[in-house]
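Asker:
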Amino acid sequence: MSSSGNKQDRLPPPKFQFGWYLACIAVIVATLAFLWINWHAVPDPMPTHFDASGTADGFSAKSFPAAIAHVGLGPAITTAVCAGACGILVGITNQTKDGLHDKPERAINRQRLLAQLMQPMLGKFSFALVVVLLVSITAGLFEFPVVGTGAIAIWLLIGAILAVAFGMVVRSARIMQELDERYPPADPRDKLKYGLFYHNPDNPKLWVELESGMNFTLNFAHRAAWWIAGIFIVLILSMVALPIILA
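Residues in the sequence shown are numbered from 451 upward in steps of one, following my numbering.
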């Protein structure tokens, strides 16, 4: 009876949520359609790179395939990376479907609720970043002063990307707090700062298992953890910046 009751209390396995990624694809296609309709207004040669002052210092011959790559590459990469992250999250979560009897129901429900709550957040982050990239790249291609000119436009673009990233961090912290309230973890949470960052100088381990077999995190009481986190952040920012720099 208790086993049956536990299974009735178990949350259903999460499904991959396509909505925000379909919206990303739709806005990319709409931007390319806008590019095609207004192709006559694109300068020849096309401005494809801008220096720190916002002045065009790189050009390419005017061609629609090159324009598609220039406008769509960064947003497409962003969409694929975020969708892939969600797919991995759902795939890992669904491994707890029926066979892992060593996991308590609370741990399984935490993992499934995490997948349910994180997917919309990642989707919104992806969509917001795609819109920022499309607006900035398209405005540069048409030489539209949509958000100002020169260095102001560059700094507004960087500020918008950082604002989206900051919103993602804040929402992640709230999700972790909600998980702790609904399904308290087995490990002590007093070592987690802001619901996200594990900091325990008394623990000599760099990688800490917060939930048995489920969740690992860095111990930010050690300097090596900050180096690893920094490398990860640089990689994430590179995925956004390189398509713009190299386009």
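Virtual Cβ for every residue (Gly too), placed ideally from N, Cα, C.
From the DSSP output, which residues share a beta bridge with G508?
Answerer: By one-based count along the sequence shown, residue 508 stands at place 58. Answer is H499.
Asker: Would you report the Cα separation of L391 and A519, rounded to the nearest angstrom?
Answerer: Shown here, the chain extends from 451 to 697; a query on residue 391 therefore has no answer.
Asker: If you reduce the DSSP assignment to three classes, tell me which class L656 lands in.
Answerer: Taking the first residue of the sequence shown as 1, we reach residue 656 at position 206. Looking at L656 - three-state DSSP - the assignment turns out to be coil, as it is neither helix nor strand.
Asker: Given this structure, state the Cα-to-Cα distance separating A491 from G609, to the nearest angstrom.
Answerer: On the sequence shown, residue 491 is found 41 positions in, with the first residue counted as 1. On the sequence shown, residue 609 is found 159 positions in, with the first residue counted as 1. Taking the straight line joining both Cα atoms gives about 28 Å.
Asker: Since L545 is in the alpha helix (DSSP H), which residue starts that stretch and which ends it?
Answerer: Locating residue 545 in the sequence shown gives position 95, counting from the first residue. Note on identity: in this sequence residue 545 is Gln, with Leu being the wrong assignment. Counting along the chain, Q545 falls outside any alpha helix (DSSP H), and DSSP gives it neither H nor E.
Asker: Mind checking P634: buried by the 16 CB within 10 Å criterion, or exposed?
Answerer: Locating residue 634 in the sequence shown gives position 184, counting from the first residue. Exposed, by the Cβ-count rule.
Asker: Let me know if P651 comes out buried or exposed under the rule of 16 or more other beta-carbons within 10 Å of its beta-carbon.
Answerer: Position 201 of the sequence shown holds residue 651. Per the 10 Å Cβ criterion, exposed.
Asker: What is the residue span of the alpha helix (DSSP H) that Y471 lies within?
Answerer: For the purposes of this step, residue 471 is identified with residue 21 of the sequence shown, where counting begins at 1. Unbroken alpha helix (DSSP H) run through Y471: 469-487.
Asker: Output the boundary residues of the alpha helix (DSSP H) element that contains N669.
Answerer: Position 219 of the sequence shown, counted from the first residue, corresponds to residue 669. That residue, N669, is in no alpha helix (DSSP H); it is neither H nor E in DSSP.
Asker: Can you tell me where the alpha helix (DSSP H) with F575 in it begins and where it stops?
Answerer: Along the sequence shown, read from residue 1 onward, the residue named residue 575 stands at position 125. First-last of the alpha helix (DSSP H) with F575: 555-592.
Asker: If you drop the 5 nearest sequence neighbours on each side, which residues of the same chain put their C-beta closer than 6 Å to that of V658?
Answerer: Working through the sequence shown from its first residue, we reach residue 658 at position 208. If we look at V658 and ignore the five residues flanking it on each side, its Cβ neighbours are Y648, T667, N669.
Asker: Three or more C-beta pairs under 8 Å: does that hold for the stretch 524-543 against the stretch 561-580?
Answerer: The stretch 524-543, when compared against the stretch 561-580, does touch it at the 8 Å Cβ threshold.
Asker: Check each candidate in V540, K512, Q561, C536 and name the one with the smallest Cα separation from E628.
Answerer: In the sequence shown, residue 628 corresponds to position 178, counting from 1. Ranking the options by Cα distance to E628, first place goes to Q561.
Asker: If you count every other CB in all the chains shown that lies within 10 Å of the CB of Q545, and 16 or more means buried, which is it?
Answerer: Along the sequence shown, read from residue 1 onward, the residue named residue 545 stands at position 95. Exposed is the call here.
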